[in-house]
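Q: Residue numbers (my numbering): 213 to 441.
From the three backbone atoms N, C-alpha and C, an ideal C-beta is built for every residue, glycine too.
Got a structure for you, written out below as C-alpha cells; questions coming shortly.
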C-alpha cells in the first residue's frame, strides 16, 4: 500500500513545495551511501530466504523485527499489525501479552521500539531483547545514513516530493487501520472499555495530559476495575 501510494503521488501530483536552501553538508561519500542502501535491500530479501534454512528462533526473531523496522513510514504504529502477525502466531507472546506490552510502552518515547525489546525479552530473555532491538533499529540506520549523501539532490526532485506526499496520505489510512485492528477489536469489548478509551482520549487531546500520565491513570483504573469487578 505504501509503495502504491508513493507511485500514485509521483504520477498524479503536479504541485510541489520548493525546499529551503539550508541544509547539512553530507559527511558520507556517495559510494558509502550506495553500499549501505544495498546492504539494507540485501538483508530485506536474504533474511526471509535464509530463515527457511536456518532453524534458529533468534534468527527468525531478527528477521521479523528487521522487516518490521524496514516498513516504518510515518511512525512506528504503522507496523503494529505486522508485528502482531509475526510474533503472536509464532507463540513468542500471547495476544494479551502483546497488547499489555503495547499499552505500557506508550508511557515512554519510541513506544514501538520499546515494544520490540519487551517482546524479545518475553520470548527469549535478554538475548531476545537484544536481537529484537537491533533488528528493528538497524533498517533505519542503514536507510538514513545511506540516503544522506543523496538527500540534498532528492529533496529538490518534484517527483520525489510528490511520492512522499502520497506516502504520507497512505500512512494516515494505515494508522487508522491499526487503530481499529488490533487495538480496537481486541481492547474494546464492552461499554466500560469504551469509557476508558474515551476518557484517555479526552485527557490526552483536550486537557493535554502527558502520555505517561494517561497511561498511568488508565493502568490504575483498569487495576481497580479488575479488583472490585
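1. So, at 6 Å on beta carbons, what are the nonlocal neighbours of residue 317 in its own chain, with the 5 sequence-adjacent residues on each side left out?
2. For the alpha helix (DSSP H) holding residue 278, just list the boundary residues, first then last.
3. Looking only at its chain, what residues have a beta carbon closer than 6 Å to the beta carbon of residue 304, apart from the 5 residues adjacent to it on each side?
4. Less than 8 Å between the C-beta atoms of residue 248 and residue 357, yes or no?
5. Leaving aside the five residues before and after residue 389 along the sequence, list all residues of the same chain whose C-beta is less than 8 Å from its C-beta, in chain order.
6. Let me check understanding here. Comparing Cα to Cα, which of 437, 426, 434 and 268 lies closest to residue 319?
7. Are the C-beta atoms of residue 420 and some chain C residue less than 8 Å apart?
8. Nearest-angstrom Cα distance between residue 260 and residue 254?
9. Do you know how far the Cα of residue 285 is from the Cα of residue 419?
10. Go to residue 368, then tell me how far its alpha helix (DSSP H) extends in each direction, as first and last residue.
11. Does the contact criterion of 3 or more C-beta pairs under 8 Å hold for the region 339-355 versus the region 272-280?
12. How is residue 263 classed by DSSP in three states: helix, strand or coil?
13. Could you give the DSSP three-state label for residue 402: helix, strand or coil?
14. Tell me which same chain residues have a C-beta within less than 6 Å of the C-beta of residue 387, skipping the five on either side of it?
A: Taking the geometry as given:
1. 323, 326 and 327.
2. 269-282
3. 335
4. yes
5. 293
6. Closest option to residue 319, judged by alpha-carbon separation, among 437, 426, 434 and 268: 426.
7. Any reference to chain C falls outside this structure, which holds one protein chain only.
8. 11 Å
9. 29 Å
10. Note, residue 368: premise wrong, no alpha helix (DSSP H); not H, not E.
11. yes
12. helix
13. coil
14. 289
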